[in-house]
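First the structure, in the form of structure tokens, and then the observations on it.
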Amino acid sequence: MLLYNVKIALKSLRRNPVLTALLISAIALGICVSTTFIALRHVFEKDPLPGRSGQVFNVRLDNWDPQRAYNAEDPNSLPSMISYRDMRALMKSDIPTRQTGTFRASYFIHPDPKAGRPYAEDIRLVFTDFFTMFAVPFQYGGPWDKAADSKPEQVIVIDHATNEKLFGGTNSVGKTVRMEDRNYKVVGVIAPWNPPVRFYDLTQGLGPRVEPIYMPFNFTEPLEIYTNGNSDGWKGFDGDGHAAYINSESVWIQFWAELPTPEKQQAYREFVNNYVRDQKKLGRFQRPLHTEVTSLPDLMNELQIVPPAIRSLSIVSMLFLVVCSLNLVGLLLGKFLARVPEVSVRRALGASRWQVFWQHVVECELVGIAGGIIGMLLSIGMLSMIAKFAPNPEVVRLDPEMVLVSLFLSLGAGLLAGIYPSWRVCSVAPAMQLKVQ
Amino acid sequence: MPIGPIIRAMRHNRMRFALIIFEIALTLAIVTNAVNMILHERGLMQQKSGFDDENLIAISYQPFGAEFREESYTEGSIQADMRAIRAIPGVKAVSVTRFLPWQGGGSSGTWKTEGYGDKFQAQLYAARGEIFPTLGLKVAQGRGFVENDTPAETNVPTRVTIISRALAKKLWGDANPIGRVITSGDGESPRTVIGIIDEFYNPYSWNIGEFVLFTPGRAYDTGGARFLLRTEPGAVKSVVSQLEPRLLAVNPHRVFQTQTIAEIKDRFFSAGTLVIRAMTGIIIVLVFITALGIVGITSLAVSERTKQIGTRRALGATKGDILKHFLAENWIVTTAGLILGIFATYGLNFMLVSQLTDTKMPWYLVVIGVVLLWLNGLVATIPPALRAASVSPAIATRSV
Amino acid sequence: MLEMKNIKKIYRTERIETHALENFSLKVDDGEFVSVMGPSGSGKTTFLNVAGLLDTFEEGHYILDGKDVSRLSDSEMSKIRNRAIGFVFQSFNLIPDLNVFDNVDVPLRYRGLGGSDRKQRIERSLELVGLSSRIKHLPSQLSGGQQQRVAIARVLAGDPKLILADEPTGNLDSLMAREIMDLLDRINEQGTTIVMVTHSPECAVRAQRQIHVLDGRVVDLETPRISLARTDAGAGIVSTLG
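Residue numbers (our numbering), protein chains in the order written: chain A, 132 to 568; chain B, 617 to 1016; chain C, 14 to 255.
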């Protein structure tokens, strides 16, 4: 029956190609706009760690100026990162199944002189838990082991592009890279990895790309590494140099803990609060007790990682689709009512009201699907144009999930547009029209 | 025009008119909110920095040569670099500073001063060389920096500062700011205000975009430095191409990054540009589509009512009467749609404000939107209404 | 009241010219009740369209109420239709979206009459046709006879000199048809000229004079000057008009 419906619908659509083109282009336009902006929003909003992001928690502590909140205009604000010394203390907890402090720095890479000039590169200092906690995909090798964390050993993980650049894409595990004045052994090569949001460091909005090189965090002290990212402070340093910096109240470290169960989360919050209470006894943390242990999705929401304008665009674009559909109602109504004599013949020949109704709904859905497919193709083009505005162009695209959403929207638009005209035409009484003929 | 019978008659085509009403209401809501967002973004983009943005270039270097670890070497090479840059034809002024216009942030601190009760927050940038000529700013009051404002030794803090007019106003109102002393939040490192610059804006996540303290000082260390330079109008391209070679000639053991401020500004506003383009596109298409929708539905109404129109003509209606009838009908529908649309506009605005800040709907936008869509509706009705008016009265005597 | 002289009306489509009226002449006096008869396609409806100023014609003259109305602009024709002529149609032609009151009101609105005048005329004319109690009804809520009475009320409200009726009983059963014919009789007795196109001999005999139309001309059946010849092939009717 469906096949028969489709056949009749196609015939009917072919009868008036201009009108059909108009119908299809209205849907295509609506789908193009709505798909583009919903997909754009989705790119930045989708769960970076599907299924697990709710177990990964960011820790913040209010160690700020007793007389002024972090953001002077909001007394409840607290720093978005923590200090080095607090990180050291928090790392002592064994409640999290995994945990890492992390920050970005800039380092010099000295490739084989034959391969090219030295260059500066963003590196990230992490504990080995970082890789598993944030599901970093490996092409060769893997994370370093715990022993390399504590010692620290001169090991690094490099990304796919760096491996291409330095080693021509071969398995470089075991080879060495010269950075500044030391050699580091490659233990892992990351497979091509390009999350739209640099979700493990949300201090710069959507953030630039993920870093190309990762080295053990514990080099921070011996090599006197300063952050290349944000660093906020409110209090002078005691003394000079790197030692004074890492012992200061300045915040520059993102701290993450994996807490898979509610019990652990509860216990960990307790632990963090107790730590701050202990510190208060030592004269630090003079502001009211305020700690935040925030899950990754909550943090992304709180920090408005997705630009608000993109959310607004997605809402407006959905309404745009609704207007396009409403337009179709008028056109379809005209088309279907012009067909009343034909329908009355079908009714006289025994087609039930429902059959007539479905016949027309099928026709609307064919228009919806055709428009949807064209609209989707157009939105791929639109997205590639929009990508030029993004910090990370290649992630701005239609993923399979969005293709489904888009198809679903086209079916919805077809239904929204078609249901009333179909109902009108199916409620025509057969006899009346035959008499007139 | 008799409105009563028209409205009574319209009740029999409720669905059709409801369609147009919803379409117009949604269109008004979308268009006004889109325009509002465009205006908001444009407002941000039109914020003037006060600088000669178009002719500014930033070039930073990171050294890998061991010689740079000696502070004295770095000091000397910075001077040599500045000389090399000044020698490039088209360069007007150069300075060493960590300040980078339009990067959406920078460095800031918490300060105190006499005469202002609370501590306050302001941006702070150390600069060497001709920072104000480089930015294209004039020291409007007091004096600029001179060479011995910069302490000879690294660890000695500077004693003077030049601040923005907006900050001076905030702190001391209209009183003379020159000679006042600003200290850090805990009362240390006092700096005397020696000059005022009239204009300064650098977007900051906190609300301190216009508040700045410039101090003369070493805005560099052994880890590298950034030069900010200003060119003659139109010389940016040629200067950019010469910068790296000239600086490499001074010392090759380092890597460079060159950006024009225009590029940085474009990047900073890329989301805004996207919003403006997307919204403009949506508005144009939407108004067109709504007009098409009105044409479509009114045409349907006309062809369905051909007989009726013929009868009216037979009963003595002139072409003008028929035209007026359809225009009046449309007027009623459009007006109803626009009234509903005003509610929809504020509803959508409420929804969007919860996503965006600072974009309350100004009433005049709604008024403009209503008037324009009203005209749009009128224009869209004219073609089908003309067709209606040309229906022959002889139709009345034909049986169906 | 109405005088047509040698009127010629041609319908043109891209290829074919149809001579709907050819040398059509007719005179109707004031206060007459004339019926016009003829087979389908004979030109009755075209005559009615021309007489009612619903349509223009190519040649000839049309004098209505002493005034030459042969070459008028569209809005002048509208004005005359509105004031001097009343139409009764076979399919009633009530406006389905309007109730009885508003339907009768339609021509009065176009005449630009004041509210109280209109109300008075509408109520009086509905009373004359016996439908005062149905003012708020929609056409679809009325029987065929009632609908035609509303249409006649619509005519009466305008107080025309000439009523043109096009098969006024064509869509009605005989009982209702008789009612309508009685009504038209009464109106004619008040002095209104009526020209009625009909197939129905029963209706036609109610008129004072019967006119027969064939192939776009008026024929005098009492002294036939034409003959109908059927070709052997039976291809159709061929007129051999002299």
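Here a beta-carbon is modelled for each residue, glycine too, at the ideal position from N, C-alpha and C.
Residue i versus residue j - alpha carbon distance
i: Phe633(B); j: Glu525(A); result: 46 Å
i: Asn140(C); j: Thr206(C); result: With the sequence shown as reference, residue 140(C) is identified as Glu, and Asn is not the correct amino acid for it. C-alpha separation (whole angstroms): 21 Å.
i: Glu176(A); j: Ser303(A); result: 34 Å
i: Asn325(A); j: Arg340(A); result: 7 Å
i: Ala97(C); j: Pro173(C); result: 5 Å
i: Tyr817(B); j: Lys664(B); result: 7 Å
i: Ile812(B); j: Gly760(B); result: 9 Å
i: Gly73(C); j: Ala33(C); result: 14 Å
i: Asp42(C); j: Val903(B); result: 59 Å
i: Asp276(A); j: Thr259(A); result: 7 Å
i: Pro438(A); j: Val174(A); result: 12 Å
i: Arg329(A); j: Asn523(A); result: 10 Å
i: Thr918(B); j: Leu169(C); result: Reading off the sequence, residue 918(B) comes out as Val, not Thr. Taking the straight line joining both Cα atoms gives about 28 Å.
i: Val232(C); j: Val49(C); result: 11 Å
i: Ile778(B); j: Asp814(B); result: 11 Å
i: Gly549(A); j: Ile93(C); result: 46 Å
Closer than 8 Å at the beta carbon, the chain B residues around residue i
i: Gly503(A); result: Those within 8 Å of Gly503(A) in chain B number zero; the least Cβ separation is about 17 Å.
i: Lys80(C); result: What Lys80(C) touches in chain B: nothing, since even the nearest Cβ is about 16 Å away.
i: Asn458(A); result: Glu639, Ile905, Thr906, Leu908, Gly909 and Gly912
Within chain C, partners of residue i - CB distance below 9 Å
i: Thr997(B); result: Those within 9 Å of Thr997(B) in chain C number zero; the least Cβ separation is about 18 Å.
Of the residues the options, the one placed nearest residue i, counting alpha carbons only
i: Phe188(A); options: Ile550(A), Ser443(A), Met431(A) and Leu463(A); result: Met431(A)
i: Val983(B); options: Gly758(B), Val651(B) and Ala917(B); result: Val651(B)
i: Ser104(C); options: Glu215(C), Asn184(C) and Pro214(C); result: Asn184(C)
i: Val647(B); options: Phe966(B), Val901(B), Leu672(B) and Phe830(B); result: Val901(B)
i: Gly502(A); options: Ser143(A), Ala279(A), Ser214(A) and Val164(A); result: Val164(A)
i: Met14(C); options: Val82(C), Gly44(C) and Glu202(C); result: Gly44(C)
i: His628(B); options: Val987(B), Ala791(B), Arg921(B) and Ser688(B); result: Arg921(B)
i: Asn95(C); options: Ile877(B), Ala738(B), Asp937(B) and Ile701(B); result: Asp937(B)
i: Ser1008(B); options: Lys935(B), Arg846(B), Met895(B) and Ala952(B); result: Lys935(B)
Residue i: CB within 7 Å of a non-hydrogen atom of the ligand PLP
i: Ala375(A); result: Because no ligand of any kind appears in the structure shown, any question about the ligand PLP cannot be addressed here.
Other residues of its chain near residue i: CB distance less than 7 Å, five sequence neighbours each side excluded
i: Arg255(A); result: Thr233, Arg235, Glu342 and Tyr345
i: Tyr962(B); result: Met977
i: Lys519(A); result: none
i: Ala220(A); result: Tyr406
i: Asn201(C); result: Phe46 and Ile207
Contacting residues, own chain, Cβ-Cβ under 6 Å from residue i (five flanking each side not counted)
i: Ser553(A); result: Phe488, His491 and Val492
i: Arg685(B); result: Thr838
i: Tyr732(B); result: Leu787
i: Arg147(C); result: Val113
i: Met310(A); result: Tyr238 and Ile240
i: Phe168(A); result: Leu444, Ser445 and Ser448
i: Ala1012(B); result: Gly926, Thr927 and Ala930
i: Ser211(A); result: Thr334
Interface residues of chain B facing residue i [CB-CB closer than 7 Å]
i: Ala236(A); result: Residues of chain B passing the Cβ test: none, with the nearest at roughly 11 Å.
i: Trp489(A); result: Result: empty, since nearest Cβ-Cβ is about 20 Å, beyond 7 Å.
7 Å Cβ cut-off: residues of chain C touching residue i
i: Pro621(B); result: Leu111, Asp115 and Asp118
Residues near residue i by beta carbon distance below 8 Å, same chain, minus five either side
i: Leu529(A); result: Thr166, Ala170, Met507, Ser510, Ile511, Leu514 and Ser537
i: Asp245(C); result: The predicted position of Asp245(C) is uncertain, since its pLDDT is 40 and thus under 50; no value can be drawn from it.
Listed by chain order, chain B residues near residue i by CB distance under 9 Å
i: Val454(A); result: Phe638, Glu639, Leu642, Thr643, Ile646, Leu902, Ile905, Thr906 and Gly909
i: Thr58(C); result: Ala1010, Thr1013 and Arg1014
i: Lys21(C); result: What Lys21(C) touches in chain B: nothing, since even the nearest Cβ is about 16 Å away.
Neighbour list for residue i in chain C, Cβ cutoff strictly below 8 Å
i: Ala625(B); result: Ile108, Asp110, Leu111 and Asp115
Within chain A, the residues that residue i reaches when beta carbons sit closer than 7 Å
i: Met967(B); result: Ile446
Chain-ordered neighbours of residue i on chain A, where CB pairs are closer than 8 Å
i: Trp822(B); result: Asn202, Ala203 and Glu204
Members of the segment 908-942 of chain B near chain C, C-beta cut-off 9 Å: So the close ones are Arg921, Lys923, Gln924, Gly926, Thr927, Arg928, Arg929, Ala930, Leu931, Gly932, Ala933, Thr934, Lys935, Gly936 and Asp937.
Residues of the segment 110-138 of chain C with Cβ closer than 8 Å to any Cβ of chain B, in chain order: Asp110, Leu111, Asn112, Asp115, Asp118, Val119, Pro120, Arg122, Tyr123 and Arg124
Residues, ordered as in the chain, of the segment 188-208 of chain A that lie near chain B by beta-carbon distance below 8 Å: Asp196, Gln198, Arg199, Asn202, Ala203 and Glu204
Of the residues that make up the segment 791-806 of chain B, which ones have a beta carbon closer than 8 Å to any beta carbon in chain A? Ser800, Gly801, Asp802 and Glu804
Proximal residues, the segment 671-690 of chain B versus chain A, C-beta separation under 8 Å: Gln678 and Phe680
Where the segment 217-232 of chain C meets chain B: residues whose CB sits under 8 Å from a CB there: none
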